[in-house]
Amino acid sequence: MQPAGTINDRAVRLFIVLGAFFCVNAVLAEFIGVKIFALEDTLGIAPLHWNLFGQTGSLSFTAGTLLWPVVFLMTDVINEFFGRRGVRMISWLAAGLIVYGFVFAFAAIEIVPAAWWVKAAQSQGVADYQAAFAAVFGQGLWTIAGSLVAFMLGQLIDVAVFHRIRSVTGEKHVWLRATGSTAVSQLVDSFVVLYIAFVLGPQKWPTSLFLAVSTVNYAYKMLAAVALIPMIYLVRVAITRYLGEARARELREHAAA
Numbered sequence: 172m173q174p175a176g177t178i179n180d181r182a183v184r185l186f187i188v189l190g191a192f193f194c195v196n197a198v199l200a201e202f203i204g205v206k207i208f209a210l211e212d213t214l215g216i217a218p219l220h221w222n223l224f225g226q227t228g229s230l231s232f233t234a235g236t237l238l239w240p241v242v243f244l245m246t247d248v249i250n251e252f253f254g255r256r257g258v259r260m261i262s263w264l265a266a267g268l269i270v271y272g273f274v275f276a277f278a279a280i281e282i283v284p285a286a287w288w289v290k291a292a293q294s295q296g297v298a299d300y301q302a303a304f305a306a307v308f309g310q311g312l313w314t315i316a317g318s319l320v321a322f323m324l325g326q327l328i329d330v331a332v333f334h335r336i337r338s339v340t341g342e343k344h345v346w347l348r349a350t351g352s353t354a355v356s357q358l359v360d361s362f363v364v365l366y367i368a369f370v371l372g373p374q375k376w377p378t379s380l381f382l383a384v385s386t387v388n389y390a391y392k393m394l395a396a397v398a399l400i401p402m403i404y405l406v407r408v409a410i411t412r413y414l415g416e417a418r419a420r421e422l423r424e425h426a427a428a
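Count along the sequence shown from 1, add 171, and you get the number used in our numbering.
Structure (structure tokens):
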């Protein structure tokens, strides 16, 4: 019998693994989010030319959108087995790690580069390595602030909605509480991050552009959430097998309390 509450407890190990995976995906999503990619070109299809709120364009997303669906999945799984306290703990931890990462990114930009290093990548088409480094890692403070505020708001809302649905459905309809909580939390997240970063920020986007881009980003996140429904059940089965039926049921009941 493994003693509860120690590193030998499988539930403790599971929380550490899920929390670590959640945090690394959240931090990576923030850092790679500086790159914008064209979805249609990536898939090799003709541009769709969406038209919303008087704005038109192709489907362009930040590279961070590749990882945020994984964060949504981890949020729902941790919610399912470790409840509100578990999600809140890792959310604040992830936010702290994001700030920590950007502090050192800005510090790395400010330290004086070696003269030979600045020209080291000219053969690869990078004329100034220091300028490229600063451009990639020196994301604007408005963008960072918007991301952090939206992330924490989204996580706190996700927890509340998840458990509200769970109180009604009980152990049934796992897909409903997972997808429903994501639908509400990411509606807030998608609009808040762009509003802070690009409407309040120095770029001063017009309302039509803000609404159009936010809507496209939200639609993508919801499609990703629906696509991940089978994965939620697979992860749930895997965790139940790892913990054992009795221990898994005990955790779910405690999480729902």
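Each residue gets a CB set at the ideal place from its N, CA and C atoms; glycine is no exception. Only a predicted model underlies this, so the values are computations on that prediction, with no experimental measurement involved.
Q | residue 356 versus residue 246 - alpha carbon distance | A | 11 Å
Q. When the Cα atoms are used, what is the spatial distance from residue 327 to residue 259?
A. Across the structure, residue 327 and residue 259 are spaced so that their CA atoms are roughly 7 Å apart.
Q: Tell me where the alpha helix (DSSP H) around residue 291 begins and ends.
A: That residue, residue 291, is in no alpha helix (DSSP H); it is neither H nor E in DSSP.
Q. So residue 381 and residue 366 are in contact, right, with Cβ under 8 Å, and what is the actual spacing, rounded?
A. 6 Å
Q | 7 Å Cβ cutoff met for residue 325 and residue 359 | A | Yes; because the gap between Cβ atoms is below 7 Å, this pair is in contact.
Q: Could you tell me how far apart the beta carbons of residue 321 and residue 363 are, in whole angstroms, since I believe they sit closer than 8 Å?
A: 4 Å
Q) If you follow the beta strand (DSSP E) that residue 441 is part of, which residue opens it and which one closes it? A) Only positions 172 to 428 of the chain appear in this structure, which leaves residue 441 out of reach.
**Q.** Beta-carbon contacts of residue 297 that lie in its chain and below 8 Å, excluding the five residues immediately before and after
**A.** 303
**Q.** Cβ neighbours of residue 406 in the same chain (closer than 6 Å, five flanking residues each side left out)
**A.** 248
Q: Go to residue 314, then tell me how far its alpha helix (DSSP H) extends in each direction, as first and last residue.
A: 312-340
Q: Quick one: measure Cβ to Cβ for residue 413 and residue 185, integer angstroms, because I've assumed they're closer than 8 Å.
A: 7 Å
**Q.** Residue ranges of each beta strand (DSSP E) within the stretch 225-264, 3 or longer
**A.** 226-228, 231-233
**Q.** Nearest residue (CA-CA) to residue 203, options 351, 299, 233, 311
**A.** For the residues 351, 299, 233, 311, the minimum Cα distance to residue 203 belongs to 233.
Q: Give every residue of the same chain whose Cβ lies closer than 7 Å to the Cβ of residue 205, excluding the five residues on either side of it in the sequence, and list them in chain order.
A: Short of 7 Å from the beta carbon of residue 205, and not among the five residues preceding or following it, lie these beta carbons of its own chain, in chain order: 307, 310.
(Q) Just to confirm the assignment: which complete beta strand (DSSP E) runs, minimum length 3, are found wholly within the stretch 179-211? (A) 207-209
Q. Does DSSP classify residue 221 as helix, strand or coil?
A. strand
Q | the stretch 342-352 touching the stretch 262-281, judged by at least three CB pairs closer than 8 Å | A | no
Q. If you draw a straight line from the C-alpha of residue 429 to the C-alpha of residue 384, how long is it?
A. No answer is possible for residue 429: the residues shown for the chain start at 172 and end at 428.
**Q.** CA-to-CA distance, residue 241 to residue 192, given in whole angstroms
**A.** Their backbone Cα atoms lie some 9 Å apart in a straight line.
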